[in-house]
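Peer 1: In the working numbering, the protein residues as written are 651 to 1081. For each residue, glycine too, the CB sits at the ideal point set by N, CA and C.
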C-alpha cells in the first residue's frame, strides 16, 4: 500500500473501489492497497506454501471471524500471496448457485475461477495457454502425430492423472494444432473444440460427443474429486507449485435445512480426508464463530465434529493451528489509521477534492478509540463504513467537528451491518 501505487489510480478506478467498499467488499485486483496487519498469520501461511505444500504436502485451514472482521479480504490477500509464489489459485464464494452440498457444482466453479500465470480466468484459458506453448515448441524434426503421441504418453504416465483428463488434453491439442483436412471446415472443428472446453468446465456433455476423444466419463459427484486431483497433477506438469483453493462464506450452511446442512458437512469432512491423502493442495474455508459454537454448526454432524472439535480450544494463539482466528487478532490502531489514510487518498482521487484539512490522523485515532471503547475494534468493515461516511459528508461541505459523537456514528453503521448480516444468513439453498 504505497503512495506511489495509489497515485497511479485513475478517478474511475478510485471511484469503483469506493463503491465496492460501500457494499462491504474490496475489488480483488486492488487488494494490495489494503494489505495491512495480520502479518504473523501471513508469515506462517507463506512458510507453509513454500516449505510444505510446494514440497508435496496438503492441508485444510479454517479462517474464523465474525461478520466485518475481514475474512473475505484476508482470503484475497492469500490469493495474491499464492499467485506471487507461483501457485494456481481458485477463489470460490459459496452461494445459492454454488452450494457446498453439491460438490460437482463446486468443482465447476473451481475450474471456472482458476487463475495463474496465464491470461484471463478459468480452465479454458489454462489449457489454451498450454496448447499455445506446445505450438511454440513444435519442430520439423518429427511429424505432428508423433509429437502428440509423445505428449500423450507423458501425460498418461503422470502419477494420479485420470485417463479421461489426459485424453481430453490430447484431443484439444490435436484439434488446435492439426491442419484442416480436405472437406473439413473450421466451424466443425470449433464445435468439437467447444465440446472439450465444456467437458473441462464440468458441463453436461453427451457420451456420444465424448467418445471420439476416448473420454468415457462426464463430471458427476463420484468422480469430481478424482478430476480435481488430475487438475493438480496437470498444474504441477506446467510447473505450478500446487493449487490453493479458497472457499468463502461456508457459514451460510448454518441457516439451511438439516438435510442440506448434513450433506454440506459431509462434503467438508471429505475435503479434509481427501486433503490428507492429496499432494500440493491447500484449502482455506471461511467461517464465523457460530460454526464451531452453535448446535447447528460442526458439532451437529458427528463425523465432521470428531475431526475438528479441537479447533479454537486453545486459549493461546497458535499461528500454525488449523484455525486462523482473525477475531482474536484484530488490526492495531496504527494499522487502522494507515488504512484510513489510504481510504482518504482514494476518496480524494475518486471525487477530485482535497480532504487534507478536514480528515487527519487525529480524527482517525479518535474513531478507533470510540470503536475500541465499544468493544468493536476488530470490525474492520465497520471502521471502513465510518471513514467513508465522514469523507462523503466532508466532500459535500459538512466536515466533522470536534464535538462529533463518534459513538452515535458507530451505532448507525453497526445497524447497517447487522441488517446486512441478517440478509446474508437468510436461508437460500433449500429449494
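1) Where residue 651 and residue 681 are concerned, what is the direct C-alpha to C-alpha distance, given to the nearest angstrom?
2) Please go through the same chain and pick out, in chain order, the residues whose beta-carbon is closer than 6 angstroms to the beta-carbon of residue 1034, but skip the five residues on each side of it.
3) Just to confirm, are residue 751 and residue 910 a CB contact at a threshold of 9 angstroms?
4) Under three-state DSSP, which class holds residue 708?
5) In the DSSP assignment, what residue or residues form a beta bridge with residue 765?
6) Taking the C-alpha atoms as reference points, what is the distance between residue 870 and residue 758?
7) Does the segment 1002-1018 come close enough to the segment 1043-1060 to have 3 or more Cβ pairs within less than 8 angstroms?
8) Mind the definition here: the segment 742-756 touches the segment 780-797 only if three or more C-beta pairs lie below 8 angstroms; say whether that holds.
9) Go ahead and label residue 1021 buried or exposed: buried means 16 or more other beta carbons lie within 10 angstroms of its beta carbon, across all protein chains shown.
10) Can you tell me which of the three DSSP states residue 936 falls into?
11) What is the C-beta distance between residue 1003 and residue 888, in whole angstroms, given that I count them as a contact (C-beta under 8 angstroms)?
12) By Cβ distance below 6 angstroms, which residues in the same chain neighbour residue 901 in space, the five residues on each side in sequence not counted?
13) Measure the CB-CB distance between residue 737 and residue 890 and report whether it falls below 9 angstroms.
14) Tell me the residue span of the alpha helix (DSSP H) that contains residue 1012.
15) Got a sec? Which residues, its chain only, sit under 7 angstroms from residue 711 by beta carbon, not counting five neighbours each side?
16) So residue 932 and residue 699 are in contact, right, with Cβ under 8 angstroms, and what is the actual spacing, rounded?
17) In terms of DSSP beta bridges, what is residue 893 paired with?
18) If contacts are defined as beta-carbon pairs under 8 angstroms, then residue 918 and residue 878 qualify, I think. What distance do you get, rounded to the angstrom?
19) Specify, as a first and last residue, the run of the alpha helix (DSSP H) that residue 1040 falls within.
20) For residue 706, count neighbouring C-beta atoms within 10 Å of its own C-beta (all shown protein chains included) and say buried if the count is 16 or more, exposed if not.
21) Please classify residue 807 as buried or exposed, where buried requires at least 16 neighbouring CB atoms within 10 angstroms.
22) Would residue 926 count as contacting chain D if we go by Cβ distances under 9 angstroms?
23) On the DSSP bridge list, what partners appear for residue 814?
24) Taking the alpha-carbon positions, what's the residue 993 to residue 714 distance?
25) Ignore the nearest five residues each way along the sequence and tell me which others in residue 987's own chain have a CB closer than 8 angstroms to its CB.
26) Whose C-alpha, out of 666, 1061, 849 and 763, is nearest the C-alpha of residue 897?
27) With C-beta atoms as the reference, is residue 739 less than 9 angstroms away from residue 895?
28) Using a threshold of 9 angstroms, state whether the C-beta atoms of residue 977 and residue 1028 are closer than that.
29) Under 8 angstroms by Cβ, that's how I've got residue 784 and residue 801 pegged, so tell me the actual separation to the nearest angstrom.
Peer 2: Answer, in terms of the structure:
1) With a pLDDT of 47 at residue 651, under the threshold of 50, the predicted position of this residue should be treated as unreliable, and no value is reported.
2) For residue 1034, where only same-chain residues beyond five positions count, the Cβ hits under 6 angstroms are 671.
3) With contacts defined by Cβ atoms closer than 9 angstroms, residue 751 and residue 910 form a contacting pair.
4) Collapsing the DSSP output to three states places residue 708 in a strand.
5) The partner list for residue 765 (beta bridge, DSSP) reads 739.
6) Cα to Cα, residue 870 sits roughly 10 angstroms from residue 758.
7) Per the Cβ contact rule, the segment 1002-1018 is in contact with the segment 1043-1060 (3 or more Cβ pairs under 8 angstroms).
8) Too few Cβ pairs lie closer than 8 angstroms, so no.
9) So residue 1021 ends up on the buried side.
10) Strand at residue 936.
11) Between residue 888 and residue 1003 the Cβ distance is about 47 angstroms, and since that is not below 8 angstroms, they are no contact.
12) Excluding the 5 residues flanking it on each side, residue 901 has same chain C-beta neighbours closer than 6 angstroms at 937, 938 and 941, in chain order.
13) Yes, Cβ-Cβ distance for residue 737 and residue 890 is below 9 angstroms.
14) Residue range 1011-1023 is occupied by the alpha helix (DSSP H) that includes residue 1012.
15) Once the five neighbours on either side are set aside, the close Cβ partners of residue 711 are 934, 972 and 974.
16) 7 angstroms between Cβ atoms; contact.
17) According to DSSP, which records beta bridges pairwise, residue 893 is partnered with 738 and 931.
18) About 15 angstroms separates the Cβ atoms of residue 918 and residue 878, ruling out a contact at the 8 angstroms cut-off.
19) For residue 1040, the enclosing alpha helix (DSSP H) stretches over residues 1030-1045.
20) Exposed.
21) Label assigned to residue 807: exposed.
22) Checking the listed chains, one finds no chain D in this structure; it contains a single protein chain.
23) DSSP output for residue 814 lists no bridge partner at all.
24) In a straight line, the C-alpha of residue 993 is about 25 angstroms away from that of residue 714.
25) Same-chain partners within the cutoff: 1011, 1014, 1015 and 1018.
26) Closest in C-alpha terms to residue 897, from the list 666, 1061, 849 and 763, comes 763.
27) The answer is yes: Cβ separation under 9 angstroms.
28) Yes. Within cutoff.
29) Here residue 784 really is in contact with residue 801; their C-beta atoms are around 7 angstroms apart, less than 8 angstroms.
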